[in-house]
Each structure stands twice: as C-alpha cells, then as structure tokens.
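Using the UniProt record's numbering, read the sequence shown as starting at 1 and increasing by one per residue.
We put the CB at the ideal spot given by N, CA and C, even for glycine.
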Amino acid sequence: LTAFGGPMGLPHGAPQSMLKAPPDLHREDLKVPLGGPSAEERMRNSVSPADREKYRPRSPLELDGEAKRRKEEKLNHESDGEKSDQDLVVDVANETGSPSPRPNGDHQSDRGDRDSIGLNGSDKAGSSSLKGANDRPPSRSGSSSSRSTPSLKTKDLDKPGTPGAKARVPTPNSSTPGGVPKAVVPSPAAGYPPSPYQRPSDPYARPPPDPYGRPPMPFDPHGHVRTNGIALPVSSGKPAYSYHMNGEGAPQPVPFPADALTGPGIPRHARQINTLSHGEVVCAVTISNPTKYVYTGGKGCVKVWDISQPGNKSPVSQLDCLQRDNYIRSVKLLPDGRTLIVGGEASNLSIWDLASPTPRIKAELTSAAPACYALAISPDSKVCFSCCSDGNIAVWDLHNQTLVRQFQGHTDGASCIDISPDGSRLWTGGLDNTVRSWDLREGRQLQQHDFSSQIFSLGYCPTGEWLAVGMENSHVEVLHATKQDKYQLHLHESCVLSLRFAACGKWFVSTGKDNLLNAWRTPYGASIFQSKETSSVLSCDISTDDKYIVTGSGDKKATVYEVIY
Numbered sequence: 001l002t003a004f005g006g007p008m009g010l011p012h013g014a015p016q017s018m019l020k021a022p023p024d025l026h027r028e029d030l031k032v033p034l035g036g037p038s039a040e041e042r043m044r045n046s047v048s049p050a051d052r053e054k055y056r057p058r059s060p061l062e063l064d065g066e067a068k069r070r071k072e073e074k075l076n077h078e079s080d081g082e083k084s085d086q087d088l089v090v091d092v093a094n095e096t097g098s099p100s101p102r103p104n105g106d107h108q109s110d111r112g113d114r115d116s117i118g119l120n121g122s123d124k125a126g127s128s129s130l131k132g133a134n135d136r137p138p139s140r141s142g143s144s145s146s147r148s149t150p151s152l153k154t155k156d157l158d159k160p161g162t163p164g165a166k167a168r169v170p171t172p173n174s175s176t177p178g179g180v181p182k183a184v185v186p187s188p189a190a191g192y193p194p195s196p197y198q199r200p201s202d203p204y205a206r207p208p209p210d211p212y213g214r215p216p217m218p219f220d221p222h223g224h225v226r227t228n229g230i231a232l233p234v235s236s237g238k239p240a241y242s243y244h245m246n247g248e249g250a251p252q253p254v255p256f257p258a259d260a261l262t263g264p265g266i267p268r269h270a271r272q273i274n275t276l277s278h279g280e281v282v283c284a285v286t287i288s289n290p291t292k293y294v295y296t297g298g299k300g301c302v303k304v305w306d307i308s309q310p311g312n313k314s315p316v317s318q319l320d321c322l323q324r325d326n327y328i329r330s331v332k333l334l335p336d337g338r339t340l341i342v343g344g345e346a347s348n349l350s351i352w353d354l355a356s357p358t359p360r361i362k363a364e365l366t367s368a369a370p371a372c373y374a375l376a377i378s379p380d381s382k383v384c385f386s387c388c389s390d391g392n393i394a395v396w397d398l399h400n401q402t403l404v405r406q407f408q409g410h411t412d413g414a415s416c417i418d419i420s421p422d423g424s425r426l427w428t429g430g431l432d433n434t435v436r437s438w439d440l441r442e443g444r445q446l447q448q449h450d451f452s453s454q455i456f457s458l459g460y461c462p463t464g465e466w467l468a469v470g471m472e473n474s475h476v477e478v479l480h481a482t483k484q485d486k487y488q489l490h491l492h493e494s495c496v497l498s499l500r501f502a503a504c505g506k507w508f509v510s511t512g513k514d515n516l517l518n519a520w521r522t523p524y525g526a527s528i529f530q531s532k533e534t535s536s537v538l539s540c541d542i543s544t545d546d547k548y549i550v551t552g553s554g555d556k557k558a559t560v561y562e563v564i565y
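Take a look at the structure:
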C-alpha cells in the first residue's frame, strides 16, 4: 500500500519524520517518559489504601452516576459520607427485559420483514461543524468544549478544589442549527470512555428516556405504505429516525430508495448461534480471519474461543495481560493471525505471539499515558496507533517496538480510532467532543469536526468516503469525509459504545448501553435489522467475510451472530 511504502511501512519521502520523534518531543516540558510513575500516580501511591480509591480516575458513566447521586443526596439533605465510592457494580440493567426492539417511526422490528423502513416524519436533530486544521490549530491548552449533556463530562468530582466551568460568549460555531448555545463544561481532566460500571441504587442505571421527550408508542407492524418505490409514513405522526443534513438548512427526513434493503451484500437479518461465557464484562472483541477464533477481553485477560466447533463452551486458552482488576479495552489481530495486540487500563500494550505452542508475550510497548482505549493497525501491519487517556495518539513501530511519534490535539481522552484502507489517513474521536483526521504521510492534523457530545466510537467505510460516529447522546452520525454532507440516525436510546463497518462497506453495526445491536445501510441509515441483548453491548466486530458478528456485553459474555442474506 502506498501510505507506508518506505522503511518499516512508513511513507516515501519522509521516513525520518515518522521514525524520529518530532523536535518538540525533545523539550523537557514535552518529553514523553517511557517508564516511571506520573505525578498523579505517585500521589495515589503515597496515600493510604482507604484514600487511594478516592484518587482513582473515573469513567464518564461512573462520574455521571456519582453526579446524579450527589445531586439527589443534596436534595434529600443526606451526608456525602453515608455512601461509599466502592459500591460500584456491573451495569446489568434490563437483564430480564424482552428482546423486542424499540419502535421508532416506521421502523419495524421484525428482522425478517424487508418492508420495515419508512420515510421519516419531522423532528429536531443536533449538529456538528467541520473545521480545517488551519482554522483551529490543535491545542492542549483548551479548557472548555461544547456538548448537549454536560453531566457525563464532569471531571474529578472526588478531588477538592476542582474549578467549575468558565462561561464563554456563544459564537456561531458553538451553537446548534437553531442557534441555541451548547452547554459549557468544566476543564477536561483524566476522563475515561464508557465503563461497564453502575451503582445499583442509581435510578439512572437504566437507559434514559427518548432524547426528544416523546412518550412510548405501541408497536405498529403496518406503520407504512409504499408509493413509487419509496417507503412513506402513514398519518400516524410517528417520529423519524434518519435525517439528511447538508448544511444548507434544517435537517430533512430521509426518503429511503426502493433498493435500500435489497441487493447483493445486504443482510436480511442475523441470528444468535453461540454464547461465550467470559465470566467478566467483555469490553473488547475481535474475530480471526478465516473465521475460527474469537478473542474476548475482560478484566485482566483475553480469552480465546474456537467457534468452528459447535457446542464448544470453554476457551481454548487465556492470555493474562493486565492486573486482575484492570479492564482490557482493545484487542487487534494482525492480518496474518499470528500476532495479537492488547491495550487497556495500563500504560503498556502487550504483543502476543499466537503461533507458538503456548501463546506468549513477545514484546511490550510502554507509554506515559495510564490507559489505552483503542487500537488501529496500518494495512501493512508495520505500525500500530493507540488512543491514549491523555488525549495523545501514540505511533508505534512494531518491528523495532519503539514509539516513533505522537499526534497531539485532543484536549481530553482519545476514545476511538480507525484508519483508511490505503493507510494514508487516520481518524480519531475523543471525550473532548471532537473527531479529528490526521495525514499520515505528512504527520499533521487535517480536519476537526466539532460535536455537541462526547465521541465513544467511530468507523471509516472501507469502500467510500463515509465516516460513522457513535456518541454519548445516543446519536449515530454518518459524515462525508470531504464535503458538508451527513446523516443523523436515532434508533439508539443511550450511549453508542461501539461501531463497525462490514468489509463490503454497504452496511455497518452499532451497539449501545441500551442493550441494542443495530445494523444500518450505508450511508443513509435505513435499519436493516435490530437485536436486543440482556445488558449493555460494549464492543463488536464483523468477520472479514461479513458472515458473522460478535458482541461483548455487560452481562459477562460474548454473543456470536450468523448474518443471513
């Protein structure tokens, strides 16, 4: 591939810029320590075990629960000392719920019915803006950003003296299409992406109500009619779930084409064929090529499952990667299937040799950041990119196992990542409400998309210039990479925690804290099928032949689906 044609897969004409740290990294104030504890870690290690928990970084979902809990305690005149920070448990909300998906407009939940998609009614939708790198240079000094639900953005609630948010004058770029200024949030700190934790007593543990304040509606299996090859709504007044936003006016409901759900490469539905009982919350999953093994990441370890043998209920091996209480956040297989890279709630990435008789660690990569949230591999398998909790994107030479550079720009944790098929461009999303694109040939930021919500997941379409983004506010947005053109999709009811494109590029899946797995048509978001699991769905992957989907969930298991065409 052309993007990494030079030494170690790096670009021709600029190999030294990728193999050497940029000059700024040699400054004392920007030098990247490759070992040793940070100041925050030394502080945490110097306090007593009872106080250490108080300084542990919290995830957005933990902070959300704590903020709401404290608000309720204040209203009830309760003391902050009456509850412990250590009563966090896995979120198993709706564990016994019905598998029937949420009705939304003319979307029909029967996964086998092809006539389930309708033209949408009218509704409001959020916004994002596209900025070039020259319009807003990347800066680590930014202390405020805009979002629609500031509760998940609150930081350091356990630390005394944390300053509140500073007010700023709204500008045209900091408001929604209707001109309503976005909420201002506190200065970013050590934020973490979505966590499988939730307080059992938290009344907000279940998915929030519809973001548009609509009352629940009974399921109507005949909520549409077809006219001239386009699915149209009946006069039921049901809301839309897909909008086109071209930057020239109000969002418009999408009239889906007649072949939205037909043709080669478009699934009819998916059926569950296997359940892998990992035993801990599954935050990361991946499937081997050819489809034989599934890798599930939970607390401290990755388990390997042979799904080619029907009825196999036990893992074939276990890879102990991190300390027992630290979650694996990302697992990536190299295309040869012989190497697995694992990242999580630790400063080191582990590189596993799967070809040896017993899988073993053959190298470790250590950064200054306390956690890695997501990984991407270059198409030639020579470079690894890791999203760090400090907002940096670390670039690793896998042959020499060295850090060759860092992309700086996110002002809060970098939570998700994907790379273009030709290896020339990188896309990253962050808890600073931005998605950024990076030119890997020149080693610089190209674009910045600003949103009104934290970014939890994204994926780049392997066959076209579309980028799908999953957000904390339940939206999925599909953006064109170079034009002011996008679609906004509304079938999730809570945080969109993971997202993955099929290799054919014609469809993609997203999963959420609302227990849902949604399959969408690229790019306009016609709903292909929907499956409701029994707990939050934190991770997903699609096999390279597009025949299988695997998900990881909060009820300590992974689920394997067969895609039916």
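Check: Near C301, which residues of its chain fall below 8 Å by C-beta distance, leaving aside the five closest residues on each side in sequence?
Finding: As a first step, residue 301 must be located in the sequence shown, where it is residue number 301. Around C301: Q318, L319, D320, C321, L322, I328.
query: Around the C-beta of K483, are 16 or more other C-beta atoms found within 10 angstroms, so that it is buried, or is it exposed?
result: Working through the sequence shown from its first residue, we reach residue 483 at position 483. The residue is exposed, with fewer than 16 neighbouring Cβ atoms inside 10 Å.
### Message
Please state whether the Cβ-Cβ distance between Q454 and M471 is less than 8 Å.
### Response
As a working mapping, residue 454 is identified with position 454 in the sequence shown. As a working mapping, residue 471 is identified with position 471 in the sequence shown. Note that the C-beta distance between Q454 and M471 is below 8 Å.
For L349, tell me which candidate among G423, Y293, V395, R521 has the shortest Cα-Cα distance.
Position 349 of the sequence shown holds residue 349. Among G423, Y293, V395, R521, the Cα nearest to that of L349 is on V395.
Which value, in whole angstroms, describes the spacing of the CA atoms of D135 and N274?
If you number the sequence shown from 1, residue 135 lands on position 135. If you number the sequence shown from 1, residue 274 lands on position 274. Reliability fails at D135, whose pLDDT of 42 lies under 50, so the model's placement of it is uncertain and no value is given.
Q.
Buried or exposed, going by whether 16 or more other CB atoms sit within 10 Å of the CB of K313?
A. Translated into the one-based positions of the sequence shown, residue 313 becomes position 313. Exposed, because fewer than 16 other Cβ atoms sit within 10 Å of the Cβ of K313.
Continuous beta strand (DSSP E) stretch holding L497: start and end
As a working note, residue 497 is residue 497 in the sequence shown. Looking at the DSSP string, the run of the beta strand (DSSP E) that includes L497 is 496 to 501.
Between the alpha carbons of E248 and H480, how many angstroms are there, rounded?
Indexing the sequence shown from 1 puts residue 248 at position 248. Indexing the sequence shown from 1 puts residue 480 at position 480. Note on geometry: alpha-carbon atoms of E248 and H480 lie some 15 Å from one another.
Go to H278, then tell me how far its beta strand (DSSP E) extends in each direction, as first and last residue. The residue labelled residue 278 in the question sits at position 278 within the sequence shown. In the DSSP annotation of this structure, H278 is not part of any beta strand (DSSP E), being labelled neither H nor E.
For this session: Using only alpha-carbon positions, find the residue among V342, N326, G525, L403 that is nearest to V304.
Result: Here residue 304 refers to the residue found at position 304 of the sequence shown. Out of V342, N326, G525, L403, the CA that lies nearest to the CA of V304 is found in V342.
Taking contact to mean 3 or more Cβ pairs, one atom from each stretch, closer than 8 Å, check whether the segment 249 to 256 and the segment 276 to 296 are in contact. no
Next item on the list: Taking 8 Å as the cut-off, decide whether the C-beta atoms of T551 and C461 are in contact.
Entry: As a working note, residue 551 is residue 551 in the sequence shown. As a working note, residue 461 is residue 461 in the sequence shown. Cβ atoms of T551 and C461: not closer than 8 Å.
By DSSP's criteria, S317 is part of a beta bridge. Which residues make up the other side? For the purposes of this step, residue 317 is identified with residue 317 of the sequence shown, where counting begins at 1. S317 is bridged to V304.
Does the Cβ-Cβ distance between Y373 and S415 come in under 8 Å? Residue 373 sits at position 373 when you count from the first residue of the sequence shown. Residue 415 sits at position 415 when you count from the first residue of the sequence shown. Yes.
### Message
Are there any heavy atoms of the ligand GTP lying less than 7 Å away from the beta-carbon of K313, as far as the coordinates show?
### Response
Absence of the ligand GTP from the depicted structure is noted, as is the absence of any ligand whatsoever, leaving it without description.
Notebook entry, point to check: Using the beta-carbon count (16 or more within 10 Å), is A558 buried or exposed?
Noted result: Locating residue 558 in the sequence shown gives position 558, where the first residue counts as 1. Buried, since its Cβ has 16 or more Cβ neighbours within 10 Å.
Could you pull out every residue in the same chain whose Cβ sits closer than 8 Å to the Cβ of R324, ignoring the five residues on either side in sequence?
Position 324 of the sequence shown, counting from 1, holds the residue named residue 324. Closer than 8 Å at Cβ, skipping near neighbours: K299, G300.
Can you have a look at A502 and say buried or exposed, based on whether 16 or more other CB atoms are within 10 angstroms of its CB? Here residue 502 refers to the residue found at position 502 of the sequence shown. By the 10 Å Cβ count, A502 comes out buried.
With distance defined between alpha-carbon atoms, name the residue in D485, S452, L467, G464 nearest to N473. To locate residue 473, count along the sequence shown from 1; it is residue 473. Answer by Cα proximity: S452.
For the beta strand (DSSP E) holding residue 568, just list the boundary residues, first then last. The displayed coordinates of the chain run from 1 to 565. Any statement about residue 568 would go beyond what the structure contains.
_Alpha-carbon to alpha-carbon, W507 and L517_ = Here the question's residue 517 lines up with position 517 in the sequence shown. Here the question's residue 507 lines up with position 507 in the sequence shown. Each residue's alpha carbon lies about 13 Å from the other.
- Comparing alpha-carbon positions, which option in A270, G430, D412 lies nearest D546? The count along the sequence shown starts at 1 and reaches residue 546 at position 546. Comparing Cα positions, the closest option is A270.
Q. Nearest CA to the CA of G430: which residue from R441, E442, F407, D439?
A. The sequence position of residue 430 within the sequence shown is 430, counting from 1. Ranking the options by Cα distance to G430, first place goes to F407.
Have a look at H224 and P310 and give me their C-alpha separation to the nearest angstrom. Locating residue 224 in the sequence shown gives position 224, where the first residue counts as 1. Locating residue 310 in the sequence shown gives position 310, where the first residue counts as 1. Reliability fails at H224, whose pLDDT of 34 lies under 50, so the model's placement of it is uncertain and no value is given.
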